[in-house]
Structures are given as C-alpha cells and as structure tokens.
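Chains as they are written, first to last, in the working numbering: chain A, 938 to 1492; chain B, 938 to 1492.
The structure appears below as structure tokens.
There are 2 protein chains.
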Amino acid sequence: MSVKAKALYTFLSENNGEISIQENEELIIFDENSVDGWFQGENSRGERGIFPASYVEIIRSRSNSNVTDCSISPAGSLGKDFSTPNTSLHYPQNDYDDDDYDDWDDWDDRSTVVDDADHTRNPGANGHAPENPMTNNPNVHYRPKPASRQDSSSRKGSMVGRNLNRFSSFVRSGVEAFVLGDVPMMAKIAETYSIDMGPLGPRWKENPKPFSCSIEDPTKQTKFKGIKTYISYRVTPSHTGRPVYRRYKHFDWLYNRLLHKFTVISVPHLPEKQATGRFEEDFIEKRKRRLILWMNHMTSHPVLSQYEGFEHFLMCADDKQWKLGKRRAEKDEMVGAHFMLTLQIPNEHQDLQDVEERVDNFKAFARKMDDSVMQLTHVASELVRKHLGGFRKEFQRLGNAFQSISHAFTLDPPYRSDGLNNAISHTGRTYENIGEMFAEQPKYDLFHMLDKLSLYQGLLANFPDIIHLQKGAFAKVKESQRMSDEGKMDQDEADGIRKRCRTVGFALQAEMSHFHQQREVDFKDMMQAYLREQIAFYQRVVQQLERTLRMYDCL
Amino acid sequence: MSVKAKALYTFLSENNGEISIQENEELIIFDENSVDGWFQGENSRGERGIFPASYVEIIRSRSNSNVTDCSISPAGSLGKDFSTPNTSLHYPQNDYDDDDYDDWDDWDDRSTVVDDADHTRNPGANGHAPENPMTNNPNVHYRPKPASRQDSSSRKGSMVGRNLNRFSSFVRSGVEAFVLGDVPMMAKIAETYSIDMGPLGPRWKENPKPFSCSIEDPTKQTKFKGIKTYISYRVTPSHTGRPVYRRYKHFDWLYNRLLHKFTVISVPHLPEKQATGRFEEDFIEKRKRRLILWMNHMTSHPVLSQYEGFEHFLMCADDKQWKLGKRRAEKDEMVGAHFMLTLQIPNEHQDLQDVEERVDNFKAFARKMDDSVMQLTHVASELVRKHLGGFRKEFQRLGNAFQSISHAFTLDPPYRSDGLNNAISHTGRTYENIGEMFAEQPKYDLFHMLDKLSLYQGLLANFPDIIHLQKGAFAKVKESQRMSDEGKMDQDEADGIRKRCRTVGFALQAEMSHFHQQREVDFKDMMQAYLREQIAFYQRVVQQLERTLRMYDCL
C-alpha cells in the first residue's frame, strides 16, 4: 500500500534505478516494507525509483512525527510496532529475515534497556550500507549516514563550537563530546585497553590470553512444534574447549553491542542476510565460512577479543545466566564517548601534524585498497560464473563431440576398431569430467577468496567514519588553540582538548596498525590458499588427461 | 553493376540470407563478381539474398546464351573472358584470389588443351561446394551439383536406357558409360591399379615404392619487378630427397588433374582460398599446415600416390620439362570412364546384394561421421574463440586485480611489506601470463585438430557422389538382367554389364577400406597429439603457479 513520506535529507541518485530526493520533499512510497534498506517510490517531480529508507520519514495520518525528533523505537520492538500508527519511524526494519528476528523477545527484556537507545539500527541493519537491490552492486556505498542516535551525554559544554552536522560520525560516536571534555571521568574504571609504541608506531597491546574459536556443524533446529526453524552453530573457544550453541541472531546481538561500544575500532561486519533460501545448503555453507572469518577477526583483535560481552557470548551455556549477562552488557556504561576513557596511551610525544599525515596516508591507502578489493571481488565473482557456466559448457561440448565421433566410428562394423573407439569415447568422458571439475572448483578456491574479500570490504567501509573522528578532533585542537591564543579560552582547557585528541590519535593509529598487521596475514594466507588449490586443480586435470592418453598407447 | 540472369536450376534456400530461385526464373544480380561461388541478387518475387552462382546464367544484351548449351569457356581463359559480351557463362570464376590465378597463362598453353574441357571448374573452384559467405557456415553443402562437363565419350550405346539426369555423378564421372560398355577397350594400357582381397574385403594394392613428402618454408616471392607477389613452398619427396618449389596454383593444377582422372576415389580437397590477407603470417601458416595434411593423404593413397602427374609435380625442377609434363598429363586419355579400365580386380565372387549392403553401412557411417566431424569442428572453433577471447580476458583480469591489490599495499609506506607485495604482484603477472598461454594454446592443439577435421570434411563430402556411382551401376545390372530375362538383351551383354559393375563395386570397397584405414591412423594421431599438448599446457600452468607459490614461502 502506498504511503506518504517526507525526505529528511537530500539524496542524489548515483545508479540506475535510483531517484534523487530533496530535503523536505514530499514523496510517495509504494510499499512501506523496505528491501535491503531501500524504498521504492515517487518523488514530487514524478520520477519513480528507489532511495534509501533511512533518508525519509513516513507520514502517518495521526502522526506526531517531528523531523528533529531523533528518538527511536526501542530495541525490543524491532519493527514489531511498525504497523502501529502514532510512531515516527525513520528506520523501518528489514523484516524479511524471520530467522534472525522472529523471536528476539525470547531473551530481550525491554524494560531494562528502555533508557538507552542502543538497539537502534542503521538502515543496513548490521552496519552494512544499504545494498541497492536493483543494481546488485557489491560496492559498499559511501553515503552520509544519518544519525542513528543522539548521544545522550551531550550537555552545554565548553566554549569551542560544536559541529553543526549532528549526524557526522565525529558527533555520533561521542568522540566530539570526549574531546571537548563533556564526558565526566568515572570514579573507577575497571576496564582498560592499553596502547604501546611498537617499531612502526602506536599499537594495541596484545590480549595477554590469546585464544581462537571454531564454528562448526550448522544444524537445523525447530521450536514451537516445528513452526519456527533456525540454524544453530557449535561455537567452541580454544581456551575453554567447551562448545556453546549460537544462532545468527545471537551473533547479531553481539555485533550490535560491539558497534555501540567500540568507537575508533573497525568492527567486522557480519555476513549478509538473505531474503530467501536461508535453509539451502549453499547459503548455510557460505554463512558458516563467513562467520568463521568474522570470528577469527574478533579473536585476533586485541581489544575486541577482550570485551566482556564477547566472553559472555563465547562461554555462557546456561539460559538464565545468558539473560543476566546480556542485561549486564546492555547496561555497560563504558560505551561510545566513555569507551575513550578506558584507553591508556604511552607518554611518547607525537606531533599532531605527523599524526595527520600518517592518517592521510592511511586514508589514501584504504581508499585504493577498497577499490582494488572491489575490483578483485568483481573479477572473482565473474570467474565463478564462468566456471559454472562457460568453462563447464565448453569442456562438456568438447566431450560430447568426441563421444559423437566415437559413436560414428562404430557404425561400419568390419572397421569399427574398438580400441580406438573406446579411447576416444573415454576422452569424451574425460572432458565432460573436466567440465564438472571446473564447475566444482570455486568451492575450493574462489569462494574462500570472496569470503575474505567480503570481510575486508566491511572493515574498509568503516574507515572513512573512523578517520573522520581524528579529523574532527584535530579541528577542535586547532580551534581551541586559536581561542586560547586570543585569550578566549583558558590554556588549561585548550591543553585538555589537545591531550584528549592525542588519545584519539593514538587509538586510531593502533587500529590502523592492527589492520595492516592482520591484512598482511590474511592476504598472504588468501593468496597461498588460492595458489595451492589452483595447482591441485590443474594437477588433477593433468592426471585425468594422462590416464586418458595412456589408453591410446596400447592401440 | 546489376545484370539480368536466369535460373538454370531450382534452388531452395536453406540458410539465413539465402533466397530460393525457380528454374527459368528471371533474376537480377547486383554484382556479377560472385563471392565464394554465391551471387547476391533479387528473384522475381522481390526477395533479396544470395544463391549459388552456378545455378544461374547471366543474360547479356548481345548474348547468344542457350540454356542447354553445356560448353564451357576453355580453361586457359579462366574468367579472363568474363567481361566479354557474347559469352554464355554458367560458372563465373571467383576472381578474388590473384595469387592463385593471376598469371595462369605463364605455363598454360591453351592451344594444346582446347579440345578437352578439363579446366572447367565447379563454382567451388577446387571442388568445394560454395561456402555461404553470409552464414559463414562450415558445413559442406550437399547440394545437387550441376554438371561441369558432359562426358565427350558418350555415344549412342546399348539398349539399356541412359539416366535422364545427365548431371548425376554417375553420368558425369563416366561410370555409366563404362558400365554400359560404351568405353572402348584400349589396345594397350600402360597404367594399372590392382585391387586384392584383404581380411576385411577388397583393398587397393599398396604402392610398391611408398614415400612421403615434406612441405616447408613458405617464402614470399615477387616477379615482374615486384608487381606480382606469391608464396612458394619447398616440396621435398622422400624418395628423391631433391626439393622442388611449388605455388598454390601448381597444387591447384594437380588437384584439378586428379578430379578429372580419378573416378571412384575421394580426392582430398585443397585448403580453402581466402579473399584477403593471403600474405598474413597466420594464413600462410594455416595453408602450409593444411597442404602438409593434403600431401600426406596423397602419398599414403595407393592409387593417387602412383599417378604420373603427381610424380611430375613432385620431381620436375626444370621449366621446360615442366611444361612438357604438364601437357602430357593434360593429354592423358585414361581419365574418367577410361580410368575404370586401368583397374584390375580379383576373381573372388561377391554377391552384389552383399556389396550393396556394405555400401549402405558405409553410407550411414559416413553421414554420421560427417555430422560429428562438423560438430567437433564447430566446438573446436568455438573453443579457439574462447581461448583467444574469454579465457585470456578472465585470467588477465584476475592478474590485473592482483596487481591492483599489490599496488594498494604499497601506499602506506611503514606497512608496505615489500615481500608480500612482490609476491602478489608476481601472482598478478603469472595470471596475465596464463591468459597469454591460453591465447597461444590453439596453435599447439586446436589448430591441428581443425586442420585434420577440415581434410576429413572434404574427403567425406566426396562420398555421396562416389556411393551414387555404385548405386547407378547396380541399377543398370538389374535393368539389364530384367531385359535379358525378357529376351530383349543378349545374355552376353548383360553379363558384361554385371562384370563391369563388379569392377565398380570392388573399386568402391577398396576406397572405403582405404578411407577407414587412414581414418584410424589419422584420428589416433589427432587425439594423441591433442591430449599430449593439453597435458603439456596444463603442466606449464602448474609450473608457473608452483614457482609463484614459492615466493610466499619465504615471507
């Protein structure tokens, strides 16, 4: 059913099928259930197409909607209130993935979290930018992300001006508040994460108790007498060796905790949701492989791997304890701006200009890496398609043609030369096999490459926002220094801002360093694994052909 | 310039771009220079398209054309008189291939051959059916072939009726005349070819002095101060070891001698002519490879290899001797119907019914083999296209994408990890190489397969006509037996027909047997060579990948 809506922000169409919308423009939405974070509708100029659901507000007849109202439906509802009038919904949830959301209430107690808006989701529900369903573009869209929440701790603060764009990651993440000193120091901070100086600069101090974690055996489970079906994974951390069983929605809960808490850190995206075929073998297999990569990244990250909520996710096997631990994690105060307080940085002096330059280098690198990861993803996907289609077909056709020759040769009995005919027919079968081998091969090489590239696309997509934090902080330092020079601000206050900006700089550099370190390991592994599988593949082809050739030797 | 024309025979269009024409229909021809034996024009119903040039007669303003006039322009003219009015030209020559025809006059003395019309060419000038230039169909067209000449030896003969279709191969080849006893026995026959009984039936007696012959070193030559350019091949027969130098037109002369002389024998077609790019390396290389296969078939054939004209072609190195030998070959009387007199058959009784059955089996086999050779040709050609296009492109894209990743990794200097970057970049180059290897590979395998398949397409295309000879002869036997039974023919005469029909049957079986024998050798070789090259190719790929993988080991 069509509904009216209003554009909250201007959106410029970039791809085929998209339409541009202007801030405050009236729109018609054809179906208020968004697909992958996109609405289909018509703008005031009569153009029809899609635009991001998060850029518009649906106007209800008895609506009390307020464009500047950033309060969001509480987490527990997760779209359950979607059909209720009276609600201003900036971010209608994707509601196609029942398995992931159907019974969120099971273990969510909304009364305990109503005061913190942490369940808010961006349109790309697990942090993905919306995927354009019409272009099927694997690109991660660098679009301005409208705010998902307004930091509740903001208060009337220092003299340094606040950014006008309240939706910038700098503001949203709480880093502005932190830098400006708006976040009160806590009496006692139980949680600390240290940064030390490595040979290449600041780095996260390693987790003193490193561990890994396996994800195995995705199993179809049912409940409510078979009405609900879901997949359960066996998750076994190496330091306990005790398996726990988790569903995708549990991963998703954890992921949203991570997003909420860890500013300045590139939280790996969860594997995509899928509207249909969630119980098909290929999809289950793919999701498992990608959850494994996600888990490896989590356990290898010095900060993320030590997060209490993660520990709870990995270890809790008891239903009651699970709920308690969950509530504890949701009540965690050291999130966003406060998380910055948990960081301990070394005393080394770093020139802010140098840090700026380091970050700029990284930015250029990350952009180029993002491009080339995209390029390789595209090429590898195309190669998969060729393996399953063109390559298989060509070799099977060749195989058929040989078989057909062999068949013709049997038609004139006195001259049928069975040995030769068998050999040719066998050659035909060999090429048919080779065609099948080509079709099978992506399972052994290209799929794994695509999995890893997808993880990196997600990690890289986070960096523009993270880099923006440092830029914002740096601007505040300059502004406060100027004000101090002009006598409009105490030098103490300006020094405080500079000091807190150092923390942001150290944290960002540590995260950059960790990214590089992990990238080196991951890409080396990826390339080696690919080459090994490729070698094995072509060797198998050679073996098949050699066996076939031998049939001609004895003729 | 458009010219008027008249359809001599009905032609039914079979492929896209062709139009049907009716016997006696008036036509317009857009360009009187046919392409590959096809005219482009319009029929009386206003349909536009192509049709075989040999099916129509151009009507000239001052024409003395006569539809039933089967006299042909003498060989020496070869299209030179084409633009002269007053000439009824049923078979305009292809005049696009200068190298092959430009200076035929050089060594052709038309006065000596004016009394025999042996230079007549079918529209497919060297015996190929016309190739449809619009569909580019590799199919050999089984179209009724209008007669190219009327056997001059036919005379009022025995009581058995002559076939009404004077254009059937049975009549054209002279076999009808031979079977009916119209061909007078010569006083002395210097030339004989024997058939003996092998374990599988009649077979040609082997050439007592077998030899082979190499074709090498195609070299561009010029004459008339560079105005004329042609390619000369070094031809070295094994039994003399002395090279002679021959051009394509010399092969073509020999080929036409063979067509003229050897009835019942499947004369291998020469490699196709080509309108443009005759001096391009790829074309020269392809023509050389195919001339080699043609030559191998010639030297391996017990009858063809012993032909005096062939011997002359292989040995004569002196210009004057060459002309004399050529004239001698052109004056050879033991051609067509008379060639049948040179055959010596064993005394073994063969039931005509059995022979008929043998021939029917072979016919079914040959048709299926022709289909499957066509299929394999099509698949292999497509595979060549894929190797040069899709396969190369895919691997090169993968290579580029790896290079691009490697380049991105160099952009953040403190973390550039040169070893890994070099390895990834090298992997990129490896895949670019592999792309090139794919593009090169057809030279080593598929081209050779296609060469051999093309030879066999030509050999198989001859068989319907050859089989028709036996069918015609068999019909004459039945007819004469009936007449003899009815007392309308002397038993002696009927016995003569039966005896001569036996010769035809033995010859055909010997030729079938030779075909099978050669096919077995050729296809075994073809398959082995293909598999060997394929193995070598994939082994090279493996080696490249293994070398590349090693670069990651020391990181």
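Here a beta-carbon is modelled for each residue, glycine too, at the ideal position from N, C-alpha and C.
| Asked | Found |
| --- | --- |
| What residues in the segment 1465-1476 of chain B have a beta carbon less than 8 Å from any beta carbon of chain A? | 1465, 1468, 1469, 1471, 1472, 1475 and 1476 |
| Alpha carbon to alpha carbon, what distance is there between residue 1364 of chain A and residue 1466 of chain A? | 30 Å |
| Mark residue 1203 of chain B as exposed unless 16 or more other C-beta atoms lie within 10 angstroms of its C-beta, in which case mark it buried. | buried |
| What is the DSSP secondary structure of residue 942 of chain A, counted as helix, strand or coil? | strand |
| For the beta strand (DSSP E) holding residue 1169 of chain B, just list the boundary residues, first then last. | 1165-1174 |
| Go through its chain and collect everything with a Cβ distance to residue 950 of chain B's Cβ below 8 Å, but skip five positions before and after it. | 956, 957, 986 and 988 |
| Under 7 Å Cβ to Cβ from residue 1405 of chain A, same chain only, skipping five residues before and after it: list those, please. | 1105, 1106 and 1107 |
| Roughly how many whole angstroms lie between the Cα atoms of residue 1169 of chain A and residue 1398 of chain A? | 29 Å |
| Which chain A residues sit within Cβ distance under 8 Å of residue 1457 of chain B? | 1352, 1354 and 1357 |
| From B:1229, B:1193, B:1233 and B:1186, pick the residue whose C-alpha is nearest to that of residue 1210 of chain B; which is it? | B:1186 |
| Alpha carbon to alpha carbon, how far is residue 1260 of chain B from residue 1254 of chain B? | 11 Å |
| May I ask you to report which of helix, strand or coil DSSP gives residue 1134 of chain A? | strand |
| In the DSSP output, which residue or residues are listed as bridge partners for residue 1182 of chain A? | A:1171 |
| State the Cα-Cα distance for the pair residue 1460 of chain B and residue 1331 of chain A, rounded to the nearest angstrom. | 21 Å |
| From the beta carbon of residue 1287 of chain A, is the nearest beta carbon of chain B less than 8 Å away? | no |
| In the DSSP output, what is residue 972 of chain B paired with across the bridge? | B:975 |
| On the DSSP bridge assignment, give the partners of residue 1139 of chain A in chain order. | A:1134 |
| Measuring alpha carbon to alpha carbon, tell me which residue in B:1374, B:1448, B:1318 and B:1412 is nearest residue 1389 of chain B. | B:1318 |
| Rounded to whole angstroms, what's the CA-CA distance from residue 1175 of chain A to residue 1248 of chain A? Just pull it up for me. | 12 Å |
| What are the boundary residues of the beta strand (DSSP E) that residue 947 of chain A is part of? | Where residue 947 of chain A is concerned, there is no enclosing beta strand (DSSP E), given that its DSSP letter is neither H nor E. |
| Determine the closest residue to residue 1113 of chain B out of B:1428, B:942, B:1420 and B:1416, with distance taken between C-alpha atoms. | B:1416 |
| Please check if any C-beta of chain B sits within less than 8 Å of the C-beta of residue 1298 of chain A. | yes |
| Pull up the CB-CB distance for residue 1289 of chain A and residue 1433 of chain A, whole angstroms please, since I reckon it's below 8 Å. | Incorrect: roughly 15 Å between the Cβ atoms, too far for contact. |
| Can you give me the Cβ contacts of residue 1335 of chain B inside the same chain, cut-off strictly under 7 Å, excluding the 5 residues immediately before and after it? | 1368 |
| Compare the C-alpha of residue 1267 of chain A against each of A:1277, A:1250 and A:1345 and name the closest. | A:1250 |
| Counting contacts by CB-CB distance shorter than 8 Å, is residue 1161 of chain B in contact with chain A? | no |
| Between residue 1360 of chain A and residue 1492 of chain A, how many whole angstroms is the CB-CB distance? I'm expecting something under 8 Å. | 7 Å |
| Less than 7 Å between C-beta atoms, sequence neighbours within five positions excluded: which residues of the same chain meet that for residue 959 of chain A? | 944 and 947 |
| Can you grab the Cα-Cα spacing for the pair residue 1143 of chain B / residue 1239 of chain B, in whole Å? | 5 Å |
| Check whether the Cβ of residue 1483 of chain A lies closer than 8 Å to any Cβ atom in chain B. | yes |
| Classify residue 1127 of chain B: buried if its beta carbon has 16 or more other beta carbons within 10 angstroms, exposed otherwise. | exposed |
| Taking the C-alpha atoms as reference points, what is the distance between residue 1230 of chain A and residue 1292 of chain A? | 31 Å |
| Do residue 1375 of chain B and residue 1328 of chain B have their C-beta atoms within less than 8 Å of each other? | yes |
| Around the Cβ of residue 1182 of chain B, are there at least 16 other Cβ atoms within 10 angstroms (buried) or fewer (exposed)? | exposed |
| Considering residue 1531 of chain A, what are the terminal residues of the beta strand (DSSP E) in which it resides? | The first residue shown for chain A is 938 and the last is 1492, placing residue 1531 of chain A beyond what the model contains. |
| Identify whether residue 1253 of chain B lies in helix, strand or coil by the three-state DSSP scheme. | coil |
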